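One structure is given here, and the rest of the page talks about it.
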Amino acid sequence: MSLTNIQTKLLLKLNEMGTLKAAFDYPTGNPDGKYPFAVLTLRDGDAKFASTTHNLRRQGFSITVYQEQSKLGQGVEAAESITTSVLKELKAALDMDTTLSGNCKWVTPVSWNTTYVDRELDTRVLEVSVDAYEIVNSL
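According to the UniProt record's numbering, the sequence shown holds residues 1 to 139 in order.
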């Protein structure tokens, strides 16, 4: 279990989703028209003593989903529907794999919020927070 393994598994889950056209593990600008797309980044982390021989580590990740909603593209109504579909699929994928195939001890249910941002197009943004926990030996 490691930070890299957890990040790799999360990216794999994103790439397996039918509602996403692309997923990246780095911030990117224009995805060549591949909307919706997701960007997975490391957010934060912490650790604490769990016992005399173990530490509990939390690895925090952000998944940012971008969906254009310009009048020339999908439009506002379709963008909202697509964003909701992505969120439903992502929540289900993580709810059904609470250990990321054994890469962590557990993943907490996701929290999320939505915003709008003016990128190359008027864009609907979904931000999902994922916290993965692992227990590591401290000896």
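Yeah, the Cβ is synthetic: ideal placement off N, Cα and C, and Gly gets one too. In this text the structure is predicted, and so the values were computed from the model without any measurement.
To the nearest angstrom, how far is the alpha carbon of residue i from that of residue j?
i	j	result
residue 4	residue 105	15 angstroms
residue 59	residue 81	30 angstroms
residue 107	residue 122	32 angstroms
residue 35	residue 47	36 angstroms
residue 75	residue 41	27 angstroms
residue 95	residue 109	7 angstroms
residue 21	residue 15	8 angstroms
residue 131	residue 77	31 angstroms
residue 27	residue 33	15 angstroms
Less than 6 angstroms between C-beta atoms, sequence neighbours within five positions excluded: which residues of the same chain meet that for residue i?
i	result
residue 134	1, 57, 104, 105
residue 79	67, 69, 124
residue 19	85, 86, 89
Residue i by DSSP, collapsed to three states: which one?
i	result
residue 48	strand
residue 74	coil
residue 131	strand
Which one or two residues does DSSP pair with residue i in a beta bridge?
i	result
residue 111	129
residue 59	45, 132
For residue i, which residues from the same chain have a beta carbon less than 7 angstroms from its beta carbon, with the 5 sequence-adjacent residues on both sides left out?
i	result
residue 45	57, 58, 59, 60
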